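Residue numbers (this note's numbering): 2 to 310.
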Ligand SMILES: Cc1cc2nc3c(=O)[nH]c(=O)nc-3n(C[C@H](O)[C@H](O)[C@H](O)COP(=O)(O)OP(=O)(O)OC[C@H]3O[C@@H](n4cnc5c(N)ncnc54)[C@H](O)[C@@H]3O)c2cc1C
């Protein structure tokens with residue numbers, strides 16, 4: 002099968018993720034315009050090739066065997082940030098902390114929650130990312146979603162947002178997004194960002210290879226309001242390691258690659274954490290991290306110990 006010009010073969014994905022594990026993609030491209038993105042999606046559709054988007058790879062676990070499909074990372078005109086009055090127009094590949102900082106410089110408030118989320122605008126929409134009580138759907142005006150037939154505009158009400166999820170399917174790519182923000186004093190917004198950065202430095206480990214929260218915070222009443230991190234900690238997971246993967250000493254819901262971790266190590270560690278929490282509290286933790294490629298997650302999903310009740 003011949004791919005469109007500029008599509009690379011067997012491209013490593015490990016360095017495109019923040020946890021730095023996983024194998025190569027069979028095909029890889031960096032579309033830098035909407036036309037090019039749609040062209041690539043149409044090619045993949047016509048050849049029956051699976052499509053995966055990599056944003057900042059900050060919530061992504063790639064299979065050790067890699068991805069048998071076309072992985073894409075948005076670039077150029079699909080990664081820009083432009084201010085137009087009270088609107089911030091962002092490419093799906095624009096980085097959310099940069100969008101938050103740009104909004105502050107423009108004297109616009111509403112996107113501050115993005116300052117510590119090390120992902121892209123597209124990844125944030127897909128994951129319904131949030132922090133500090135901010136709300137993506139409150140400031141999001143629309144997204145342009147690309148597919149093999151072209152681009153379609155959708156509003157927040159069409160995106161099926163719930164806790165850390167949206168209804169975007171694999172192969173639907175957020176090409177652009179518009180945020181409508183409120184005018185504010187730039188120095189006040191900048192001060193809020195500085196405060197949020199400082200609070201984050203206190204609460205979370207920095208300078209480690211991780212994909213942030215491993216599990217979602219459970220709604221199960223047996224958790225008695227405790228976060229996934231607290232449950233993992235109380236179940237004895239803080240510092241627990243499998244191969245090169247370890248639950249962080251500073252934040253038990255963060256898995257850290259201590260240098261040699263494979264995705265298989267990470268999955269085995271997650272399975273052990275999930276098992277311990279289930280045994281101790283009866284609570285079943287659900288992964289927040291997204292998988293790309295054939296990750297053998299049977300240890301996570303088919304654990305008789307966990308699925309028994
Ligand atoms: C240190 C650290 C702290 C974090 N803190 C937070 C936090 O406070 N709150 C929070 O919500 N999250 C947090 N995260 C998780 C992560 O940053 C978010 O989930 C983020 O939104 C993921 O964006 P990304 O671009 O990195 O997506 P990726 O990890 O690259 O991908 C995640 C999913 O989104 C899809 N995707 C990516 N781009 C697009 C696109 N353009 N169109 C369609 N689908 C796309 C991918 O295919 C994949 O399914 C943290 C992560 C780290 C490492």
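Idealized CB from N, CA, C, for every residue including glycine.
Please read all numbers here as calculations on a predicted model, not as lab measurements.
On a Cα-Cα basis, can you pick out the residue from the options that is closest to residue i?
| i | options | result |
| --- | --- | --- |
| residue 175 | 148, 189, 191 | 148 |
| residue 250 | 190, 159, 293, 204 | 204 |
| residue 136 | 177, 66, 125, 145 | 125 |
| residue 120 | 290, 86, 221, 172 | 290 |
| residue 154 | 161, 142, 62 | 142 |
| residue 222 | 282, 115, 92, 7 | 282 |
| residue 57 | 129, 122, 192, 71 | 122 |
| residue 130 | 214, 241, 64 | 214 |
| residue 34 | 92, 195, 234 | 92 |
| residue 5 | 20, 15, 43 | 43 |
Checking the sheet assignment: what are the DSSP bridge partners for residue i?
| i | result |
| --- | --- |
| residue 282 | Partner(s): none; residue 282 has no beta bridge. |
| residue 91 | 82, 178 |
| residue 22 | Residue 22 pairs with nothing; no bridge assigned. |
| residue 8 | According to DSSP, residue 8 bridges with nothing at all. |
| residue 145 | 154, 177 |
| residue 291 | 61 |
| residue 163 | 166 |
| residue 55 | Partner(s): none; residue 55 has no beta bridge. |
| residue 41 | In the DSSP output, where bridge partners are listed per residue, residue 41 has none listed. |
| residue 214 | 255 |
Assign residue i to buried or exposed, taking buried as 16 or more other Cβ atoms, counted over all protein chains shown, within 10 Å of its Cβ.
| i | result |
| --- | --- |
| residue 297 | exposed |
| residue 27 | buried |
| residue 309 | Because residue 309 sits at a pLDDT of 42, beneath the cut-off of 50, its placement in the model cannot be relied upon, and the point is left open. |
| residue 295 | exposed |
| residue 30 | buried |
| residue 259 | exposed |
| residue 157 | buried |
| residue 261 | exposed |
| residue 2 | exposed |
| residue 96 | buried |
**Prompt:** With a cut-off of 8 Å, do at least 3 Cβ pairs link the segment 267 to 285 to the segment 34 to 52?
**Reply:** no
**Message:** For the structure I just gave you, are there three or more beta carbon pairs, one from the segment 33 to 42 and one from the segment 163 to 183, closer than 8 Å?
**Reply:** yes
**Prompt:** Just checking, does the segment 195 to 203 make contact with the segment 162 to 171 on the three C-beta pairs under 8 Å criterion?
**Reply:** no
**Request:** Check whether the segment 99 to 116 touches the segment 182 to 197, counting contact only when three or more Cβ pairs, one atom from each stretch, lie closer than 8 Å.
**Result:** yes
**Asked** Should the segment 6 to 24 be regarded as contacting the segment 61 to 81, the criterion being three or more beta carbon pairs within less than 8 Å?
**Response** yes
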